[in-house]
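First up is the structure itself, then whatever we jot down about it.
Protein chains: 2
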Amino acid sequence: MSGDIGPSVTLPAALQALTSNPRLKLLLVGKTKIIQKLLKKANSEQISRIEIIHAEHIVLNNIKPLSAIRQSKETSMRIAIDLVKNGYAKACVSSGNTAVLIGLSKLMLKLINGIKRPALMTIIPNIKKKQTILLDLGANINCTSEMLIQFAIMGSVVAEEIINIIKPKVALLNIGKEENKGLDNIQKAAAILKKITSINYIGYAEGDDLLIGKTDVLVCDGFIGNVLLKTMEGVIRVIFSFFKSTDKTTNNNYFIQLIKKILIKKITKHFFNLNPDQYNGAIILGLKNIVIKSHGSANEKAFKSAIDYTIRIIQKQIPEKITDKLNILSLRSIK
Amino acid sequence: MSGDIGPSVTLPAALQALTSNPRLKLLLVGKTKIIQKLLKKANSEQISRIEIIHAEHIVLNNIKPLSAIRQSKETSMRIAIDLVKNGYAKACVSSGNTAVLIGLSKLMLKLINGIKRPALMTIIPNIKKKQTILLDLGANINCTSEMLIQFAIMGSVVAEEIINIIKPKVALLNIGKEENKGLDNIQKAAAILKKITSINYIGYAEGDDLLIGKTDVLVCDGFIGNVLLKTMEGVIRVIFSFFKSTDKTTNNNYFIQLIKKILIKKITKHFFNLNPDQYNGAIILGLKNIVIKSHGSANEKAFKSAIDYTIRIIQKQIPEKITDKLNILSLRSIK
Numbered sequence: 028m029s030g031d032i033g034p035s036v037t038l039p040a041a042l043q044a045l046t047s048n049p050r051l052k053l054l055l056v057g058k059t060k061i062i063q064k065l066l067k068k069a070n071s072e073q074i075s076r077i078e079i080i081h082a083e084h085i086v087l088n089n090i091k092p093l094s095a096i097r098q099s100k101e102t103s104m105r106i107a108i109d110l111v112k113n114g115y116a117k118a119c120v121s122s123g124n125t126a127v128l129i130g131l132s133k134l135m136l137k138l139i140n141g142i143k144r145p146a147l148m149t150i151i152p153n154i155k156k157k158q159t160i161l162l163d164l165g166a167n168i169n170c171t172s173e174m175l176i177q178f179a180i181m182g183s184v185v186a187e188e189i190i191n192i193i194k195p196k197v198a199l200l201n202i203g204k205e206e207n208k209g210l211d212n213i214q215k216a217a218a219i220l221k222k223i224t225s226i227n228y229i230g231y232a233e234g235d236d237l238l239i240g241k242t243d244v245l246v247c248d249g250f251i252g253n254v255l256l257k258t259m260e261g262v263i264r265v266i267f268s269f270f271k272s273t274d275k276t277t278n279n280n281y282f283i284q285l286i287k288k289i290l291i292k293k294i295t296k297h298f299f300n301l302n303p304d305q306y307n308g309a310i311i312l313g314l315k316n317i318v319i320k321s322h323g324s325a326n327e328k329a330f331k332s333a334i335d336y337t338i339r340i341i342q343k344q345i346p347e348k349i350t351d352k353l354n355i356l357s358l359r360s361i362k
Numbered sequence: 028m029s030g031d032i033g034p035s036v037t038l039p040a041a042l043q044a045l046t047s048n049p050r051l052k053l054l055l056v057g058k059t060k061i062i063q064k065l066l067k068k069a070n071s072e073q074i075s076r077i078e079i080i081h082a083e084h085i086v087l088n089n090i091k092p093l094s095a096i097r098q099s100k101e102t103s104m105r106i107a108i109d110l111v112k113n114g115y116a117k118a119c120v121s122s123g124n125t126a127v128l129i130g131l132s133k134l135m136l137k138l139i140n141g142i143k144r145p146a147l148m149t150i151i152p153n154i155k156k157k158q159t160i161l162l163d164l165g166a167n168i169n170c171t172s173e174m175l176i177q178f179a180i181m182g183s184v185v186a187e188e189i190i191n192i193i194k195p196k197v198a199l200l201n202i203g204k205e206e207n208k209g210l211d212n213i214q215k216a217a218a219i220l221k222k223i224t225s226i227n228y229i230g231y232a233e234g235d236d237l238l239i240g241k242t243d244v245l246v247c248d249g250f251i252g253n254v255l256l257k258t259m260e261g262v263i264r265v266i267f268s269f270f271k272s273t274d275k276t277t278n279n280n281y282f283i284q285l286i287k288k289i290l291i292k293k294i295t296k297h298f299f300n301l302n303p304d305q306y307n308g309a310i311i312l313g314l315k316n317i318v319i320k321s322h323g324s325a326n327e328k329a330f331k332s333a334i335d336y337t338i339r340i341i342q343k344q345i346p347e348k349i350t351d352k353l354n355i356l357s358l359r360s361i362k
């Protein structure tokens, strides 16, 4: 129940999620008093599917990750991850500090056998009205070729299971299309991915390929992924604010203003559904368990999306499917 | 006279540049016959300021940089750089293969004393109706902290001279605002930049800070810079194509379509002037001489912009100003 805004957003979102998912049960981790106060709006059926787990503290947003992890005892984030660790919860959704969430998850939960490092992954809509899996978004700022290959495999599994693509296309982010372009780790990963027949590796993609849907899975290290995502979000934010601002040069005729408003609404709505409310939720991929990061500034609708997304990840048994894929690959390589 | 399209674009652009810059003289390097044929449209005054330098070959676009450099003898690119090297030309403008242009420039021209590696730099318009200097865009895919510091110094000089900013703000691109965030080379560069009093270092900036004009100079390694620029251009291209495409859901009423057209034109025109025609031209910064890279797919207007930009770089004596700045800094550090 942390995040930039806290329970006043996450709790109403939780109630909405309970309504639209009749089999969902939620453990709400935070200050009991605050949660109880906000639960007054809930009906008895909703309350029957809620359990409050008291947490005295929250992880602060402006704290250094290592200190935060050291001082994490009794924070809602740590208690929530602990509930997952003990098998009491199937997944943890948090709007809290990303670095701390990744750090605590790595520390407390186990990695899938064979996976070296977890990666932060999200799903980006593209202009083909399809979606692209993007990872890593910042869990690892330095990646070996082995890590990039593992990210490619994990991304491929998610594309198959969550966006229902048979033989999803997988690309490595680079600064050119030619084989000899870019960093050594990328070139090495490319050479190996080409040989893995069960991965549909299509070669390198560049920054401008993301939104045009050239690939179903785009793999890069966490530094690049973070820059890519923030740049994209920044450009889109600037454009939306440009639409919404009053354009003094436009004729102030009422009818023209009305049409302008309608057009802006249309564009904002249809703009490849790049609405953060709809694609909120990044998974920490590579863990045996499910931990989902919601935008810190997520509103009610966006946080509800993150819960819905988490349910899909649970239903599709993503960690198990990744384990299966890795087992098949390692059996093949033994032969 | 190379590039994706060749003399049919670059030559008319050259003629336009001659008209708007009465003191400009141009050396056109390429196949004499082709140039002479295209020069039929030129008037005698323009022709009096043109000299044709014959080049039998061009650098091919799909060639590996090292092979291209080895086989560059008698290519227009090599001859043009040679003219700069021999002092016969003040600058070289090329639409040719970027990697080869940087490689050949490094090989044939000298670096400013104290500069370890040249960087590719461009100017990006921002929503404050100002401009941001962005470097490196791909000349160096791995950068030491020393290189990043030198890029910051060079970028700062360009911001002062070309976009007329006193004490330009300089930021390092990173994936967070806190000092302990990101890669080691960036943290080391930050620690040193903070101590250089003649550089107005403001800290880290992120991908979404570029277009909002948070900083006047944004420094990163060439891999990141390339991803950042291509991502930004990709998002903008997708948005523009979205505007231009027919929206089937829109009412086909003539009046609404007309207003839509006007609106699209306005947005396209005013959209922070992010029109590649206007900001075409990246300089290979750090050389004692001036070499400018134009977009390979630049149209007439865009290539003319690159020539105009080159003239400003010559007039402002950018390499000399960088030399001066480095001399002052090294004198101070000796004290």
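Those sequence lines, one after another, are chains A and U. First residue of the first sequence: 28, per the numbering used here; consecutive thereafter. First residue of the second sequence: 28, per the numbering used here; consecutive thereafter. By construction, the Cβ of each residue, glycine as well, lies at the ideal position given by its N, Cα and C atoms. Quantities reported herein were computed from a predicted structural model and do not represent experimental measurements.
{"Item": "Whose Cβ in chain U lies nearer than 7 Å to the Cβ of N113 (chain A)?", "Value": "The contacting residues do not exist; N113 (chain A) stays about 32 Å from chain U at best."}
{"Item": "Between K58 (chain U) and N48 (chain U), what straight-line distance do the alpha-carbon atoms span, to the nearest angstrom?", "Value": "25 Å"}
{"Item": "When you compare only the Cα positions, how much space is there between L136 (chain A) and I108 (chain A)?", "Value": "8 Å"}
{"Item": "With a threshold of 8 Å between beta carbons, is L147 (chain U) in contact with chain C?", "Value": "As a matter of chain content, chain C is missing from the structure shown, whose protein chains are A and U."}
{"Item": "How many angstroms separate the CA atom of L245 (chain U) from the CA atom of V36 (chain U)?", "Value": "32 Å"}
{"Item": "From the DSSP output, in three-state form, read off A166 (chain A) for me.", "Value": "coil"}
{"Item": "Can you pull the chain A neighbours of V262 (chain U), defined as C-beta to C-beta under 7 Å?", "Value": "L238, M259, V262, I263"}
{"Item": "So, is the C-beta of L65 (chain U) closer than 8 Å to a C-beta in chain A?", "Value": "no"}
{"Item": "Report yes if the C-beta distance between I151 (chain A) and L237 (chain A) is below 8 Å; otherwise report no.", "Value": "yes"}
{"Item": "I need the boundaries of the beta strand (DSSP E) containing P49 (chain U), first residue and last residue.", "Value": "It is not in any beta strand (DSSP E) - P49 (chain U) carries neither H nor E in the DSSP assignment."}
{"Item": "In the DSSP assignment, find the alpha helix (DSSP H) that holds A333 (chain U) and state where it starts and stops.", "Value": "327-342"}
{"Item": "Decide if Q344 (chain A) is buried, meaning its Cβ has at least 16 other Cβ atoms within 10 Å, or exposed.", "Value": "exposed"}
{"Item": "To the nearest whole angstrom, what separates the beta carbons of T7 (chain U) and V86 (chain U), a pair I think is in contact under 8 Å?", "Value": "Any answer about residue 7 (chain U) is impossible in this case: the structure gives chain U only from 28 up to 362."}
{"Item": "Note the first and the last residue of the continuous beta strand (DSSP E) segment covering S183 (chain U).", "Value": "First-last for S183 (chain U): 172-189, but that is the alpha helix (DSSP H), not the beta strand (DSSP E)."}
{"Item": "Does Y231 (chain A) come out as helix, strand or coil in the three-state DSSP assignment?", "Value": "strand"}
{"Item": "In terms of residue numbering, what span does the beta strand (DSSP E) encompassing D147 (chain U) cover?", "Value": "Strictly speaking, residue 147 (chain U) in this sequence is Leu, with Asp absent from that position. First-last of the beta strand (DSSP E) with L147 (chain U): 146-152."}
{"Item": "Using 10 angstroms around the beta-carbon of I129 (chain U), count the other beta-carbons present and answer buried if the total reaches 16, otherwise exposed.", "Value": "buried"}
{"Item": "By Cβ distance, which residues of its chain are closer than 6 Å to A41 (chain A), with the 5 residues on each side in sequence left out?", "Value": "L53"}
{"Item": "Who are the Cβ neighbours of K68 (chain U) in its own chain at under 8 Å, not counting the five residues just before and after it?", "Value": "P39, L42"}
{"Item": "Grab the span of the beta strand (DSSP E) containing S132 (chain U) for me, first residue to last.", "Value": "Taken as a continuous stretch (DSSP letters only), S132 (chain U) belongs to no beta strand (DSSP E), being part of the alpha helix (DSSP H) at 125-135."}
{"Item": "Under 8 Å between C-beta atoms, does K320 (chain A) make it to chain U?", "Value": "no"}
{"Item": "In this structure, what does DSSP give as the bridge partners for V265 (chain U)?", "Value": "In DSSP, V265 (chain U) forms no bridge with anything."}
{"Item": "Quick check on D235 (chain A) - is its C-beta less than 8 Å from some C-beta in chain U?", "Value": "yes"}
{"Item": "How about N167 (chain U): is its C-beta nearer than 8 Å to some C-beta of chain A?", "Value": "no"}
{"Item": "Name the DSSP beta bridge partners of Q158 (chain U), please?", "Value": "U:P152"}
{"Item": "Going by other Cβ atoms of all chains shown within 10 Å of its Cβ, with 16 needed for buried, is D351 (chain U) buried or exposed?", "Value": "exposed"}
{"Item": "Counting only beta-carbon atoms, is G209 (chain A) nearer than 8 Å to chain U?", "Value": "yes"}
{"Item": "Here's the rule: buried if 16 or more other CB atoms are within 10 angstroms of the residue's CB, otherwise exposed. What is Q158 (chain U)?", "Value": "buried"}
{"Item": "For I263 (chain A), which of U:D243, U:Q214, U:I239 has the nearest alpha-carbon?", "Value": "U:I239"}
{"Item": "Cβ closer than 8 Å: which chain U residues qualify as neighbours of K91 (chain A)?", "Value": "E205, N207"}
{"Item": "Below 6 Å CB to CB, which residues in the same chain sit around V318 (chain U) once its five sequence neighbours on both sides are set aside?", "Value": "C119, S132, I311"}
{"Item": "State the Cα-Cα distance for the pair K275 (chain A) and L134 (chain U), rounded to the nearest angstrom.", "Value": "In this prediction, K275 (chain A) scores a pLDDT of 48, lower than 50, which makes its location untrustworthy; no coordinate-derived value is stated."}
{"Item": "Over what stretch of residues does the beta strand (DSSP E) that includes I77 (chain U) continue unbroken?", "Value": "77-81"}
{"Item": "Does the CB of N88 (chain A) have a neighbour CB from chain U at under 8 Å?", "Value": "no"}
{"Item": "Between A:L147, A:N253, A:G209, which lies nearest to K363 (chain U) when the distance is taken from Cα to Cα?", "Value": "With chain U running from 28 to 362 in the structure shown, residue 363 (chain U) is simply not present."}
{"Item": "If you measure from the beta carbon of N354 (chain A) to each beta carbon in chain U, is any gap under 8 Å?", "Value": "no"}
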